[in-house]
Structures are given as C-alpha cells and as structure tokens.
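Notes to accompany the following structure.
Number of protein chains: 2
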Amino acid sequence: MARAYNFAPGPAALPESVLKQAQADMLEWGTAGASIVEMSHRGPEFMEVAARAEADLRTLLGVPADYAVLFLPGGATTAQALLPLNFAAPGATVDYVVTGHWGKTALRQLTPAVTANIAASGEPDGFRNIPARDTWRLTPGAAYVHITANETIHGVEYRPAWGEPAPETGDVPLFADFSSSIASEPIDITRYGVIYAGAQKNLGPVGISVVIVRRELLERTGQPRADIFNYGSQLAHDSMLNTPPTWNWYMAGLVFRWMLDEGGTPEFDRRSDEKAALLYGAIDGSGGFYRNDVDPAVRSRMNIPFFLAEDAHNAVFLDGAREAGLIGLKGHRVLGGMRASIYNAMPVDGVRALVAYMQDFQKRHG
Amino acid sequence: MARAYNFAPGPAALPESVLKQAQADMLEWGTAGASIVEMSHRGPEFMEVAARAEADLRTLLGVPADYAVLFLPGGATTAQALLPLNFAAPGATVDYVVTGHWGKTALRQLTPAVTANIAASGEPDGFRNIPARDTWRLTPGAAYVHITANETIHGVEYRPAWGEPAPETGDVPLFADFSSSIASEPIDITRYGVIYAGAQKNLGPVGISVVIVRRELLERTGQPRADIFNYGSQLAHDSMLNTPPTWNWYMAGLVFRWMLDEGGTPEFDRRSDEKAALLYGAIDGSGGFYRNDVDPAVRSRMNIPFFLAEDAHNAVFLDGAREAGLIGLKGHRVLGGMRASIYNAMPVDGVRALVAYMQDFQKRHG
Numbered sequence: 001m002a003r004a005y006n007f008a009p010g011p012a013a014l015p016e017s018v019l020k021q022a023q024a025d026m027l028e029w030g031t032a033g034a035s036i037v038e039m040s041h042r043g044p045e046f047m048e049v050a051a052r053a054e055a056d057l058r059t060l061l062g063v064p065a066d067y068a069v070l071f072l073p074g075g076a077t078t079a080q081a082l083l084p085l086n087f088a089a090p091g092a093t094v095d096y097v098v099t100g101h102w103g104k105t106a107l108r109q110l111t112p113a114v115t116a117n118i119a120a121s122g123e124p125d126g127f128r129n130i131p132a133r134d135t136w137r138l139t140p141g142a143a144y145v146h147i148t149a150n151e152t153i154h155g156v157e158y159r160p161a162w163g164e165p166a167p168e169t170g171d172v173p174l175f176a177d178f179s180s181s182i183a184s185e186p187i188d189i190t191r192y193g194v195i196y197a198g199a200q201k202n203l204g205p206v207g208i209s210v211v212i213v214r215r216e217l218l219e220r221t222g223q224p225r226a227d228i229f230n231y232g233s234q235l236a237h238d239s240m241l242n243t244p245p246t247w248n249w250y251m252a253g254l255v256f257r258w259m260l261d262e263g264g265t266p267e268f269d270r271r272s273d274e275k276a277a278l279l280y281g282a283i284d285g286s287g288g289f290y291r292n293d294v295d296p297a298v299r300s301r302m303n304i305p306f307f308l309a310e311d312a313h314n315a316v317f318l319d320g321a322r323e324a325g326l327i328g329l330k331g332h333r334v335l336g337g338m339r340a341s342i343y344n345a346m347p348v349d350g351v352r353a354l355v356a357y358m359q360d361f362q363k364r365h366g
Numbered sequence: 001m002a003r004a005y006n007f008a009p010g011p012a013a014l015p016e017s018v019l020k021q022a023q024a025d026m027l028e029w030g031t032a033g034a035s036i037v038e039m040s041h042r043g044p045e046f047m048e049v050a051a052r053a054e055a056d057l058r059t060l061l062g063v064p065a066d067y068a069v070l071f072l073p074g075g076a077t078t079a080q081a082l083l084p085l086n087f088a089a090p091g092a093t094v095d096y097v098v099t100g101h102w103g104k105t106a107l108r109q110l111t112p113a114v115t116a117n118i119a120a121s122g123e124p125d126g127f128r129n130i131p132a133r134d135t136w137r138l139t140p141g142a143a144y145v146h147i148t149a150n151e152t153i154h155g156v157e158y159r160p161a162w163g164e165p166a167p168e169t170g171d172v173p174l175f176a177d178f179s180s181s182i183a184s185e186p187i188d189i190t191r192y193g194v195i196y197a198g199a200q201k202n203l204g205p206v207g208i209s210v211v212i213v214r215r216e217l218l219e220r221t222g223q224p225r226a227d228i229f230n231y232g233s234q235l236a237h238d239s240m241l242n243t244p245p246t247w248n249w250y251m252a253g254l255v256f257r258w259m260l261d262e263g264g265t266p267e268f269d270r271r272s273d274e275k276a277a278l279l280y281g282a283i284d285g286s287g288g289f290y291r292n293d294v295d296p297a298v299r300s301r302m303n304i305p306f307f308l309a310e311d312a313h314n315a316v317f318l319d320g321a322r323e324a325g326l327i328g329l330k331g332h333r334v335l336g337g338m339r340a341s342i343y344n345a346m347p348v349d350g351v352r353a354l355v356a357y358m359q360d361f362q363k364r365h366g
C-alpha cells in the first residue's frame with residue numbers, strides 16, 4: 001500500500017517531509033563524506049545540528065533562559081526514575097497525581113529512599129476523569145508534585161474546562177510528563193519546575209527525550225547516583241556526558257523545524273481543536289454505535305480511545321480501516337477497543353478520512 | 001566530496017549497504033503503510049525485526065541459551081551505572097581493573113552503596129599497558145570483576161600476547177565492557193558473567209546498547225532501583241518495558257546481518273589482524289616520524305592512536321587527509337595527536353589508503 005494515515009500511539013507518524021529529508025541525508029551529510037549517523041557528536045557538523053535543535057525547541061515552546069533543556073537517551077520512564085534521584089533528598093516526600101496508566105508507571109520508578117504520596121487518583125473512577133484540584137491531598141514541603149499532562153491510554157488530559165491548565169501547587173514545583181501532548185498548544189513553562197517528554201509522539205523518533213528544567217532546581221543534592229544519571233552533570237556537558245543518540249536528536253530537530261514552519265504551537269492548538277472536535281463529534285453523534293467514556297472536561301485532544309457497541313465488530317472494523325488506508329487504530333491491551341492518536345503530524349484530512357470510514361462502517365453494520 | 005574512509009571512533013562508519021537499505025526503507029516498511037520508525041514496537045512488523053536481530057546476534061557471537069540478551073536505550077555508561085544496581089548487594093565490594101579512560105568512567109557510575117576496589121590500574125604507566133594478571137589484587141567474594149576489553153582512547157586491548165583473552169577470576173563473575181571490540185573476533189561468552197556494548201562502534205548506530213548476561217546472575221537482588229533499571233524486568237518484557245529505540249534496533253539488526261553475510265567473527269578477526277598489521281607496520285616503520293606508545297602485547301586492533309613527531313604538523317596532516325578522502329582521524333582531546341578507529345565496517349582498502357597517505361605525508365614533511 002502507499003503511505004497510510006497512521007494513528008499509532010507512539011512510535012507514531014512523522015511528517016513525510018521529515019522522512020524524505022532523512023532519506024536524502026542518509027548516505028552523506030552535505031559534503032562531509034559521511035552520514036550524520038556516522039559522525040562524531042563532538043564534531044562541528046553534529047554540534048551545529050544539536051545547537052539548532054535546542055534553539056528551535058526553545059523558540060517553539062517559548063522556553064525562558066532560566067530553564068535548561070536536556071536531550072537524553074531513553075524515554076519518559078527513564079526520566080521518571082531520574083526525577084526522584086535528582087530532585088528529592090533521601091527521606092523526602094514526593095506527591096503524585098495519578099490519572100492513568102502512565103501515572104502508575106511513574107510511581108513504579110520511585111526508590112524506597114523517598115516516600116510517595118498519591119495526592120489524588122482517578123483510578124476509583126476508571127480513569128475517566130481528573131479529580132478536582134480542591135480534593136488533592138498535597139504534602140506541605142514535598143520535593144515536587146508530579147502529574148501526567150496527557151494519558152495516552154486512557155485519553156485523559158488536563159484541559160481548560162477542568163480548571164487550570166497547570167494546577168496550582170504553591171511553593172512546591174510542579175513536574176509534568178508531557179510526552180504525548182508537548183507542542184500541541186502554547187503553554188506557560190514558568191508554571192512548571194520540570195517538563196519532560198519522550199520524543200516519539202510529537203517530537204520525533206523514539207530513543208531520545210527532552211527534559212526542560214528550571215535551573216535553580218539543579219542545585220538540589222538529590223540522592224546518591226551515578227554521574228550519568230545526574231542532570232547537572234549532563235547539563236555541564238551539553239547532554240553529551242556520553243555519546244548521545246545523534247540520529248534521533250537530528251530527527252527531532254527536523255520535526256521542531258517542521259513545526260515552526262507550519263506555524264508553531266498556536267497553529268497546532270487550532271488543528272488539535274479541529275481534529276478532536278471532528279472525531280469526538282463523530283463518536284458522540286453515532287447514537288451509541290461508538291462510545292468514549294471520558295468526562296468531556298478532560299477528554300484528550302491527542303489520544304481518543306473509543307469502543308464499538310459490539311466487541312464482535314472490532315476485527316472487521318480494523319481490517320476495513322486498513323483497507324481504507326487507516327492504520328494503528330487498535331486500542332491498548334489495557335482497555336481494548338480502538339484508539340486514534342492524532343498528534344501534530346496527523347493532518348486534519350486524516351481525521352476526516354477516519355470519520356468518513358467510521359460513518360460508513362456504522363451504515364454497513366449499525 | 002563522495003563518501004570518505006571514516007576513521008571516527010564512534011559514532012563510526014556503518015556499512016554502505018546498511019545505509020542504503022535504511023534509505024530504501026525510510027518512507028515505508030514493505031507494504032505496511034508506514035516507516036519502521038513510525039510503527040508500534042509491539043506490532044508484528046517490529047516484533048519480527050527485534051526477534052531477528054536477537055537471533056542473528058546470538059548466531060554471530062555464539063551466545064549460549066543460558067545467557068539473556070537485552071537491547072536497551074543509552075550506551076555503555078548507562079550500563080556501567082546499572083551493573084552495581086543489578087548485581088551488587090548493598091555493602092558489597094566490586095573489583096575494577098582500570099586500563100584507560102573508559103575504565104575510569106565506569107568507576108564514576110558507582111554509588112556509595114557499594115565499595116569499589118581498584119584491583120589494578122594502568123594509569124601509573126600512562127595506560128600504555130595492562131597490569132599482569134598476577135599483580136591484580138582481587139577481593140574474595142566480590143560481586144564481580146569489571147574490565148574494559150578495549151580502550152578506545154588509549155588504544156589498549158586484552159590480546160592473546162598479554163596472557164588470557166578473558167582473565168581468570170575464579171568464582172567471581174567477569175563483567176566486560178566490549179563496546180569497541182565486540183564482534184571483531186570469536187570469543188568464549190561463557191568466560192563472562194556480563195558483556196555489554198554500546199552499538200555505535202561495531203554494532204550499529206548510537207542510541208542502543210546490548211547487554212549479554214548469564215541468566216543465573218539475574219536472580220541477584222542488587223540495590224533498590226526503579227523498575228526501568230531492573231534488568232530482570234526488562235528481560236521479562238523482551239527489552240520493551242518502555243518503548244525501545246526502534247530505529248536504532250532495526251539498524252543494529254541490519255549490521256548483524258551484514259556481519260554474518262561477510263563471514264562472521266572469524267572473518268572480521270582475520271581482517272582486523274590484517275588492518276592492524278598494516279597500520280602498526282606503517283607507524284613502527286616510519287623511523288619515528290609516527291609513534292604509538294602502547295606495549296605491543298596489548299595494542300588495540302580497533303583504535304590506533306598515533307602521534308606525529310612534530311605537533312606543528314598535526315593540522316596539515318588532518319587537512320591533507322581530508323583532501324585524500326580520509327576523515328575522523330583527529331585524536332581524542334585527552335591524548336591529542338591522531339587516532340584511527342578501524343572497526344568492522346572499515347575495509348582493508350581504507351587502511352591501505354591511510355597508510356599510503358601517511359607515507360606520502362612523511363616524504364613531503366619528513
């Protein structure tokens with residue numbers, strides 16, 4: 001088949017122009033005599049790629065000068081393990097608000113040297129909403145409060161209709177996993193102590209992550225840890241304490257540049273609204289043939305799980321979607337059903353094609 | 001310029017056929033409708049890529065069934081941080097033999113929860129040799145003995161002329177950083193408890209590492225640590241506890257297949273002998289115009305540092321090399337001078353071209 005509309009949750013669709021650039025660059029970088037993937041990370045060619053990527057990301061997200069940007073191997077789960085090591089003293093309490101699968105994963109990365117307090121959890125309600133801010137049991141003097149800005153499996157996202165886009169946590173810094181919603185809208189970075197994201201949804205290929213951290217937090221002692229796990233050491237070495245994943249970094253840089261060229265976060269905010277409205281509209285307007293169970297106030301604009309009224313239709317739905325050039329729609333095994341991930345690289349036309357297919361499928365099977 | 005002979009130490013040259021395959025695959029994987037870099041790591045396409053890569057690596061290296069193979073994000077330095085967390089109980093002693101820069105780096109990844117014993121060090125002698133095995137002060141009951149099979153900066157490698165290829169450590173398992181020499185010759189895996197390697201020298205692109213571990217060692221409790229840092233958890237999840245660096249894994253798989261097609265480790269052993277003999281021969285036969293200071297018994301076949309008698313010639317040498325289509329020869333800042341890294345992807349003809357250039361340069365400047 002030709003390239004399809006790819007609704008995979010991550011690794012996810014990349015802009016075709018980025019893939020074509022990567023293809024053109026694969027054998028040789030300019031006139032350097034070697035591919036960018038074969039060149040020293042400390043050579044002038046890659047150093048320029050890295051610096052450009054950071055500058056573009058800072059422009060894209062509006063990162064203030066008093067925030068450092070790290071590009072590190074691994075994904076969000078690795079970052080979740082490093083947060084307590086870097087920012088929580090032995091014996092400190094860390095507050096976690098759990099609104100889905102990835103919030104629970106974050107908890108599993110804590111070591112016994114810190115005390116985890118689950119300040120709020122959406123689990124009793126099947127992760128279909130986000131507990132109201134005034135119900136959170138925050139710990140005075142906690143090392144940080146951790147949230148998951150968007151939950152890719154449960155399709156739950158902090159949205160304006162819930163209340164604040166970034167919950168108020170007073171003097172305690174707010175740490176947020178933005179893996180699946182970063183760069184989908186303008187955000188106020190200063191509301192956060194740390195923002196981190198695996199690249200494989202909105203920022204590029206899997207294998208690299210971005211950590212944006214208020215510099216003053218790097219003065220915290222944290223836990224005894226390996227040098228390679230020390231964010232301060234990484235910053236002092238330009239995220240090159242060891243050999244970084246250069247190709248992944250280069251690819252993320254191409255995606256940053258593409259997002260800027262397309263109009264930046266205001267434009268992706270607009271497109272995300274349009275795409276989500278189309279898809280939720282189709283689900284809600286199906287008379288129950290399709291169903292999404294998330295509280296409308298916190299419905300994700302990035303990952304939209306939905307269920308067919310009859311499970312027996314699932315396999316036929318997926319086969320037909322594939323034939324229609326729509327792939328990656330199978331839901332996560334935790335929930336079953338379907339899930340459409342519509343990150344920045346998914347054009348509005350892709351969602352229109354999905355909606356048309358859903359309506360046609362309903363006519364044939366409804 | 002056209003593609004040059006690339007002597008970079010890592011990221012390093014990849015086989016051109018591998019880059020061409022990656023280029024061909026970039027927009028679409030077979031008829032899947034998406035690039036391999038855009039597809040779910042749990043989908044059938046990538047699962048097949050991953051399984052094939054492991055099977056090929058096992059064939060290439062002769063990995064016995066009682067050894068697990070992990071494919072993990074990050075490089076050797078991350079592995080160095082995870083070894084004590086996974087294999088040393090709190091308070092245990094770990095023995096390190098330091099034969100260059102990377103052995104020292106490994107020490108910096110230890111936490112205070114273990115006691116590090118430097119059993120032997122080549123540092124007093126400028127890392128120009130490897131201390132004889134009978135001088136090592138090993139700790140009875142140590143959690144493990146750690147060595148660096150090949151030091152990329154100092155150009156020091158455990159070779160048969162030194163004594164045993166894998167030093168005898170009795171009941172204490174031997175852990176070895178094989179980042180820069182893995183797959184350059186047949187080795188007896190059973191002599192090691194753990195072998196680990198960042199991919200970016202002999203195995204593929206940077207951003208993924210391989211850890212080969214005797215399964216019984218995974219029963220050790222180790223230190224309290226995040227789930228993502230637990231090798232046992234990673235093994236239980238097929239190295240997919242989180243989203244793995246899929247493109248890097250795919251590329252490593254292409255390199256494994258290329259090495260098998262070329263004749264496997266016996267053939268690369270033969271080529272490494274030939275390439276190293278050519279280059280050391282040129283250095284030693286230059287009457288002092290070029291110099292390598294390493295004890296011939298432990299001279300690396302992978303990384304050959306050398307110095308021009310006159311430092312003033314360095315820049316001219318590098319410029320001329322570049323014009324001759326020979327790149328990546330600048331020495332590491334720790335040592336200065338030159339360094340030729342001649343991993344498996346460097347053809348014998350590349351070393352011949354370098355030797356011809358060196359001899360010509362000497363004629364013009366000697």
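Each protein sequence line maps, in turn, to chains B and F. Position 10 of the first sequence, counted from 1, bears residue number 10 in UniProt numbering, the numbering being contiguous throughout. Position 258 of the second sequence, counted from 1, bears residue number 258 in UniProt numbering, the numbering being contiguous throughout. Backbone N, C-alpha and C define an ideal beta-carbon position, used for all residues, glycine too. Remember, predicted model here, so these are calculated numbers, not experimental data.
- Contact between Leu61/F and Ile189/F is confirmed by a C-beta separation of about 7 Å, below the 8 Å threshold.
- From the listed residues Gly204/F, Glu16/F, Ala2/F, Leu326/F, the smallest Cα separation to Pro73/F is found for Gly204/F.
- With a contact defined as Cβ atoms closer than 8 Å, Ala88/B and Gln200/B miss out at about 27 Å.
- Taking 7 Å as the Cβ-Cβ cut-off, the stretch 190 to 208 of chain F approaches chain B at Gly198, Gln200, Pro205, Val206, Gly207, given in chain order.
- In its chain, beyond the 5 residues on either side, Ile36, Met39, Ser40, Thr246 have a beta carbon closer than 7 Å to the beta carbon of Phe46/F.
- Annotated as distal: Arg271/F and Asn202/F, with beta-carbon spacing of 9 Å or more.
- Among the bridge pairs identified by DSSP, Phe71/F is matched with Val210/F.
- Assigned with DSSP and collapsed to three states, Asn202/B falls in coil, not helix or strand.
- The way I'd put it, the stretch 290 to 299 of chain B does touch the stretch 160 to 176 of chain B; three or more beta-carbon pairs between them come closer than 8 Å.
- Judged by DSSP secondary structure, Arg352/B falls within the alpha helix (DSSP H) whose first and last residues are 348 to 365.
- What Phe229/B touches in chain F, judged by beta-carbon distance under 7 Å, is Ala81, going in chain order.
- With a cutoff of 9 Å on beta-carbon distance, Ala76/B and Ser233/B are scored as not near each other.
- Assigned with DSSP and collapsed to three states, Ile283/F falls in helix.
- Under the DSSP assignment, Pro173/B falls outside any beta strand (DSSP E); it carries neither an H nor an E label.
- In the three-state DSSP reduction, Tyr250/B falls in the helix class (H, G or I).
- Contact between Val172/F and Val145/F holds, since their C-beta atoms are separated by about 5 Å, short of 8 Å.
- Interface residue (Cβ-Cβ distance to chain F less than 9 Å): Met39/B is classified as such.
- For Gln362/B, the closest alpha carbon among the candidates Tyr67/B, Ala282/B, Arg42/B is that of Ala282/B.
- Assignment of Arg271/F by DSSP, reduced to helix, strand and coil, places it in the helix class.
- Beta bridge pairing from DSSP links Glu157/B with Asn150/B.
- Only residues of its own chain outside the window of five on either side were considered, and among them Gln80, Ala81 have a CB closer than 6 Å to the CB of Gln109/F, listed in chain order.
- For the pair Arg339/F and Pro305/F, the CB atoms are nearer than the 9 Å cut-off.
- Listed by position along chain F, the residues whose Cβ is nearer than 7 Å to that of Gly100/B form an empty set, because the closest Cβ is around 15 Å away.
- Rounded to whole angstroms, the Cβ separation of Ile147/B and Leu107/B is 12 Å, and the two are not in contact under 8 Å.
- For the stretch 4 to 36 of chain F, residues whose beta-carbon sits nearer than 8 Å to a beta-carbon of chain B comprise Ala4, Asn6, Ala8, Pro9, Gly10, Pro11, Ala12, Ala13, Leu14, Glu16, Leu19, Lys20, Ala22, Gln23, Met26, Leu27, Glu28, Thr31, Ala32, Gly33, Ala34, Ser35.
- Assignment of alpha helix (DSSP H) within the stretch 35 to 61 of chain F, counting only whole runs of 4 or more residues, yields 44 to 61 in chain order.
- Listed along chain F, the residues sitting closer than 8 Å to Gly325/B by beta-carbon distance are Gly33.
- As for any alpha helix (DSSP H) of minimum length 4 sitting wholly inside the stretch 306 to 346 of chain B, the runs are 314 to 323, ordered along the chain.
- Leu354/F is not a Cβ neighbour of Leu335/F, given a cutoff of 9 Å.
- Per DSSP, Asn129/B is not a residue of any alpha helix (DSSP H), being assigned neither H nor E.
- With respect to Leu27/F, Gln23/B sits close: the two C-beta atoms are nearer than 9 Å.
- Shown in chain order are the members of the stretch 212 to 246 of chain B whose Cβ falls below 8 Å from a Cβ of chain F: Pro224, Arg225, Ala226, Asp227, Ile228, Phe229, Leu241, Asn242, Thr243, Pro244, Pro245, Thr246.
- Taking 8 Å as the cut-off between beta carbons, none of the residues of the stretch 161 to 183 of chain F comes near chain B.
- According to the DSSP secondary-structure assignment, Val114/B is paired through a beta bridge with no residue.
- The shortest CA-to-CA distance from Gly103/F to any of Ala315/F, Asn150/F, Phe256/F is the one to Asn150/F.
- Taking Arg291/B as the centre and dropping the five residues before and after it, the same chain places the C-beta of Phe307 closer than 6 Å to its C-beta, in chain order.
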